[in-house]
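**Q**
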Amino acid sequence: MEVECVATFEFQAVHISKDFSWTSTPPSEETDDPQILANVYRYTIESIFTNWITMATALSLTKKHCRG
Numbered sequence: 009m010e011v012e013c014v015a016t017f018e019f020q021a022v023h024i025s026k027d028f029s030w031t032s033t034p035p036s037e038e039t040d041d042p043q044i045l046a047n048v049y050r051y052t053i054e055s056i057f058t059n060w061i062t063m064a065t066a067l068s069l070t071k072k073h074c075r076g
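Residue numbers for the sequence shown follow the working numbering, so the first one is 9 and each next one is one higher.
1) Taking the DSSP output, what are the residues bridged to glutamate 18?
2) Looking at C-alpha atoms only, which residue of Leu45, Glu10, Ile56, Ala46 is the closest neighbour of phenylalanine 17?
3) Is serine 32 helix, strand or coil by DSSP?
4) Beta carbon of phenylalanine 19, beta carbon of tyrosine 51: below 9 Å?
This is the structure:
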C-alpha cells in the first residue's frame, strides 16, 4: 500500500495544509447557514477518524501477516 504525501487538500470547501492550518471558501448567499459549517466540521472529523482507523487496521494486519 502506498501513501501519497500532499502539501494541501480540499474537503467540503475547506483547504487543509500539512501543518493543519486551514482556510475555507467564503460561503455564497444561498449557503450562508451555520448548519453548513457545522456539517463541514463534522464530515472533516469523521473523514480523519475513518482514515486513521483504516490505516491503523491495515498496519495491524500487515504486522500480523509479516510475523507469520
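Note that CB positions come from ideal geometry on N, CA and C, so glycine has one too.
**A** On the basis of the coordinates in this document:
1) To locate residue 18, count along the sequence shown from 1; it is residue 10. Beta-bridge pairing links glutamate 18 to His23.
2) In the sequence shown, counting from the first residue as 1, residue 17 sits at position 9. Answer by Cα proximity: Ile56.
3) Here residue 32 refers to the residue found at position 24 when the sequence shown is read from its first residue. Here serine 32 sits in strand by DSSP.
4) One-based indexing of the sequence shown puts residue 19 at position 11. One-based indexing of the sequence shown puts residue 51 at position 43. Yes, the pair counts as a contact, with Cβ atoms nearer than the cut-off.
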